[in-house]
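S.K.: Below are the structure tokens for one structure; questions will follow.
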Amino acid sequence: MRKYSDKKNAQTQNYYKDRFYHAPHTVKSDVNESVFKDDFEVLKTQVEILNSFVELDFWVIEIKKEDNVKTLQMLKTLGYLSFTEASAIDFVADKNGFEVFYQLLNLEKKLRVRIKTFVGVKERLQSVAHIFKGANWSEREIYDMFGIFIINHP
């Protein structure tokens, strides 16, 4: 049975709430002071990292779009064997492009990483489905929902 709630007071409850409240931003900490330090040191010797930080126990890496295959191959050798998600965020109005991200999981060390890259409106991105089979479906969704063409997609 549903819990009873007073329907007479529904409007006044919303009236006294702050409609313009903005939640505080999450804390971004330094990678060199985290459990990701060793992986970061190895990765930065192979790939140009534009930005890197730890946020909500996720290691977040920003890279150039040309380095997406190399970065994911390197992370796979570092033990991030589970591909959990890939998608894009629409920034066409603000930046004339999309932010594509991949999320990986290291099951042995219980670590998560998010790789972000920026792709312009008419630009293309290399497929990573040959590295992680789970990327096949995600890449198809990226193309279907955002129109980002994936080169060498199976």
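Residue numbers (this note's numbering): -10 to 143.
No residue lacks a Cβ here, since even glycine has one placed at the ideal position from N, Cα and C.
Per DSSP, which residues does residue 41 bridge with? Please list them.
M.R.: 50
S.K.: Check the DSSP bridge columns for residue 79 and list the partner residues they point to.
M.R.: 87
S.K.: Between residue 224 and residue 42, what straight-line distance do the alpha-carbon atoms span, to the nearest angstrom?
M.R.: Here the chain covers residues -10 to 143 and nothing more, so residue 224 does not appear.
S.K.: Helix, strand or coil for residue 8? Go by DSSP, reduced to three states.
M.R.: The answer is coil: DSSP assigns residue 8 none of H, G, I, E or B.
S.K.: In terms of residues, what are the limits of the alpha helix (DSSP H) holding residue 135?
M.R.: 124 to 135
S.K.: Can you give me the Cβ contacts of residue 92 inside the same chain, cut-off strictly under 6 Å, excluding the 5 residues immediately before and after it?
M.R.: 73, 74 and 103
S.K.: Which value, in whole angstroms, describes the spacing of the CA atoms of residue 53 and residue 135?
M.R.: 19 Å
S.K.: By alpha-carbon positions, which one of 71, 99, 110 and 57 ends up nearest to residue 86?
M.R.: The residue among 71, 99, 110 and 57 with its C-alpha nearest the C-alpha of residue 86 is 110.
S.K.: What would DSSP say about residue 36, mapped onto helix, strand or coil?
M.R.: coil
S.K.: Rounding to the nearest angstrom, what Cα-Cα distance links residue 22 and residue 101 in this structure?
M.R.: 16 Å
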